[in-house]
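Asks: Residues in the sequence shown are numbered consecutively from 1, following UniProt numbering. Even for Gly, the Cβ is constructed at its ideal location relative to N, Cα and C. For clarity, every value in this text was computed on a predicted model and none was experimentally measured.
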Amino acid sequence: MHIQDIPQKFIPPLAKLLQFRPNEDPEALSLRIALGTKSLPSSLRSSRLENFLLPSRGHLCSLHKCLHPDVVRSVLHHVQLEVGIRLNNVISHSEMLAPELYSRVKRLRELHALWLDSREYRRTFMASSWDLKWKYQADRCEACMLSKITSDLQILLDLRWAFRSRATRAFVAKYGNPRLQQWVHVWIATLAGFVEETIGTAIDLDMVILHNDEEAILMKKTRAEIAAFRQRTHQYRKSGPANGAYMTQVPYDWSYPIQSAPHQPKPQELPAIQDATGVQAEEFIGDTNEAHLEGMDPYEALTSTPYLPRTTYSPPTKQPSEAVLTMSTVSADRSSKGRSPYGQRESVRESSASIRVYLDERLHVVMENDQDAAHEVAQLQQEYIPPRHYSRPDPSKFRGLNRHLGEIYQLIETILED
1 MHIQDIPQKF IPPLAKLLQF RPNEDPEALS LRIALGTKSL PSSLRSSRLE NFLLPSRGHL
61 CSLHKCLHPD VVRSVLHHVQ LEVGIRLNNV ISHSEMLAPE LYSRVKRLRE LHALWLDSRE
121 YRRTFMASSW DLKWKYQADR CEACMLSKIT SDLQILLDLR WAFRSRATRA FVAKYGNPRL
181 QQWVHVWIAT LAGFVEETIG TAIDLDMVIL HNDEEAILMK KTRAEIAAFR QRTHQYRKSG
241 PANGAYMTQV PYDWSYPIQS APHQPKPQEL PAIQDATGVQ AEEFIGDTNE AHLEGMDPYE
301 ALTSTPYLPR TTYSPPTKQP SEAVLTMSTV SADRSSKGRS PYGQRESVRE SSASIRVYLD
361 ERLHVVMEND QDAAHEVAQL QQEYIPPRHY SRPDPSKFRG LNRHLGEIYQ LIETILED
């Protein structure tokens with residue numbers, strides 16, 4: 001199930017079930033989830049038959065076992081992608097981030113401690129998760145991970161800031177608002193209302209959202225500067241699906257000298273790169289095509305990147321061999337049996353006769369002056385002859401034997417009749 005398959009009218013009640021409230025009594029929490037699940041359609045609830053047939057389909061604790069595991073996984077999966085692979089390009093150029101932007105990115109990246117154990121987290125981020133706010137979910141309940149994330153107002157604002165910084169005008173016009181936007185707005189409104197009831201102070205959500213949008217615009221411009229820097233420095237060339245959702249690097253092949261390269265392609269005229277200071281926030285389009293991220297494993301999202309080096313393939317061609325074979329290179333004399341054939345090799349200059357050879361597609365030696373004849377021989381060699389053809393006996397040898405056997409059978413029948 002994908003997140004867009006969830007009906008719009010059931011997003012608010014489902015989002016409230018996937019959120020812990022501060023200092024909530026465990027019994028009240030269990031009762032709230034049990035009663036709230038009954039109001040959901042059967043497609044969003046857990047099925048006993050599916051749990052019996054597919055027991056290892058998802059990881060849900062006893063508190064959230066009434067929810068459909070695929071629904072919970074689809075929502076958590078988008079959160080993991082937002083704090084994972086979609087921040088890889090930003091964090092790789094952290095020197096271009098302002099201190100407040102870097103703090104937000106760092107807070108979002110620390111969420112990986114919920115689904116990565118301490119060893120995996122250290123190997124991925126080269127840092128310890130011991131002093132982090134988020135601890136590894138031992139029972140691997142995906143609903144508990146999501147409920148812990150949605151119970152922090154600062155993280156919710158950071159998450160909204162992250163996906164709003166990617167939502168350009170072209171993105172929204174073609175694909176609509178980000179898929180997590182409605183979910184995050186429900187979580188923010190629910191948490192803000194609970195805080196108002198607890199402390200008795202009103203919270204102006206409109207001002208909070210407006211300030212968050214202003215910060216997202218600054219981050220959007222920073223993303224544009226990073227994209228322009230990558231294009232200017234590494235000479236990235238657009239390729240892949242949907243308006244350059246992927247960009248691959250085209251490095252120069254330094255295995256050949258510049259002056260004596262065997263084949264130098266015609267230089268392509270690259271378009272003039274616009275200065276990052278003149279790039280408007282609306283002109284930068286990020287990940288427009290997100291279909292390839294649906295099936296991505298969130299536990300491996302950090303080790304992947306949308307910027308991959310291009311690997312080119314050149315078909316094999318006929319090229320002259322660099323070696324020159326002399327008449328004394330290989331000897332057929334029986335007296336040289338058991339000796340090394342390379343003991344008395346003559347140099348190229350001392351040899352009186354030499355043959356310039358080529359290697360065809362099957363790595364057969366072809367003389368330079370007799371390529372046509374050698375090609376015909378190679379075609380004959382390619383003809384397949386079954387192995388049983390060589391051991392098949394001649395039928396004419398058994399004709400006489402069959403005649404004698406027939407006479408013996410007739411004689412035996414005559415004796416038996418008498």
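(1) What does the alpha-carbon distance come out to for the pair L44 and H77?
(2) Report the CB separation of L87 from A143 in whole angstroms; it is logged as a contact under 8 Å.
(3) Check whether the Cβ atoms of L180 and E24 lie closer than 9 Å to each other.
(4) With burial defined as no fewer than 16 other Cβ atoms inside 10 Å of the residue's Cβ, what is the status of residue 464: buried or exposed?
(5) According to DSSP, is R140 helix, strand or coil?
(6) Would DSSP call R166 helix, strand or coil?
(7) Have a look at P26 and K16 and give me their C-alpha separation to the nearest angstrom.
(8) In angstroms with no decimal places, state the Cα-to-Cα distance between H211 and D204.
(9) Return the chain-ordered ranges of every alpha helix (DSSP H) run that is complete within the stretch 91–135 and spans a minimum of 4 residues.
(10) Looking at the structure shown, is L63 part of a helix, part of a strand, or coil, going by DSSP?
(11) Between A216 and R164, how many whole angstroms is the CB-CB distance? I'm expecting something under 8 Å.
(12) Can you tell me whether M126 is buried or exposed? The criterion is at least 16 other CB atoms within 10 Å of its CB, across all chains shown.
(13) Assess contact between the stretch 89–104 and the stretch 27–35, defined as three or more Cβ pairs (one per stretch) separated by less than 8 Å. Is contact present?
(14) Just to confirm before moving on: does the CB-CB distance between L159 and I149 stay below 9 Å?
(15) Give me the Cα-Cα distance between R232 and P41, rounded to the nearest whole angstrom.
(16) Given this structure, state the Cα-to-Cα distance separating V195 from L53, to the nearest angstrom.
(17) Drop a sphere of 10 angstroms on the beta-carbon of L416, count the other beta-carbons inside from all chains shown, and report buried for 16 or more, exposed for fewer.
(18) Mark S103 as exposed unless 16 or more other C-beta atoms lie within 10 angstroms of its C-beta, in which case mark it buried.
(19) Please return the same chain residues whose Cβ sits closer than 8 Å to the Cβ of C61, not counting the five positions on each side in sequence.
(20) Using only the alpha-carbon positions, how far apart do L67 and P7 sit?
(21) Looking only at its chain, what residues have a beta carbon closer than 8 Å to the beta carbon of I11, apart from the 5 residues adjacent to it on each side?
(22) Here's the rule I'm using: 16 or more other beta-carbon atoms within 10 Å means buried, otherwise exposed. How should T198 be labelled?
(23) Tell me which residues share the same chain as S122 and place their Cβ nearer than 8 Å to its Cβ, disregarding the 5 neighbours each side in the sequence.
(24) Tell me whether the beta-carbon of L153 lies closer than 9 Å to the beta-carbon of W134.
(25) Assuming G58 and R73 form a contact by the criterion Cβ under 8 Å, report the distance between their Cβ atoms to the nearest whole angstrom.
(26) Any idea if I408 is buried or exposed, counting beta-carbon neighbours within 10 angstroms, 16 or more meaning buried?
(27) Whose C-beta lies closer than 7 Å to the C-beta of M1 among residues of the same chain, with five residues either side of it excluded?
(28) My parser needs the alpha helix (DSSP H) runs of 4 or more residues fully inside the stretch 168–207; what are they?
(29) Considering only the alpha carbon of each residue, which of N177, G176, R166 lies closest to M219?
(30) According to DSSP, simplified to helix, strand and coil, what is R403?
(31) Measuring alpha carbon to alpha carbon, tell me which residue in D5, L411, P13 is nearest T190.
(32) So, using beta-carbon positions, are Q19 and S147 closer together than 9 Å?
(33) Could you compute how far the alpha carbon of A192 sits from the alpha carbon of M207?
Replies: Let me spell this out:
(1) Cα to Cα, the separation comes out at about 16 Å.
(2) L87 to A143, Cβ: 24 Å. No contact.
(3) Not a contact, by the Cβ cut-off of 9 Å.
(4) This structure leaves residue 464 out entirely; the chain is present only between 1 and 418.
(5) Taken through DSSP and simplified to helix, strand or coil, R140 comes out as coil.
(6) coil
(7) 16 Å
(8) Spanning the two alpha carbons is a distance of roughly 11 Å.
(9) 99–109, 118–125
(10) Correct three-state label for L63: coil.
(11) 4 Å
(12) The residue in question, M126, is exposed, as its Cβ has fewer than 16 Cβ neighbours within 10 Å.
(13) no
(14) yes
(15) 52 Å
(16) Each residue's Cα considered, the two are about 42 Å apart.
(17) exposed
(18) exposed
(19) D139, C141, A143, C144
(20) 15 Å
(21) These residues qualify, in order along the chain: Q182, W183, V186.
(22) exposed
(23) The sequence as given places Arg at residue 122; Ser does not occur at that position. Here R122 has S128, S129 as same chain residues with Cβ atoms under 8 Å from its own Cβ, once five neighbours each way along the sequence are excluded.
(24) Going by C-beta atoms, L153 is not nearer than 9 Å to W134.
(25) 6 Å
(26) Its Cβ having fewer than 16 others within 10 Å, I408 is exposed.
(27) Correct list, in chain order: D70, V71, S74.
(28) 169–175, 181–199
(29) R166
(30) helix
(31) P13
(32) yes
(33) Those two C-alpha atoms are separated by around 13 Å.
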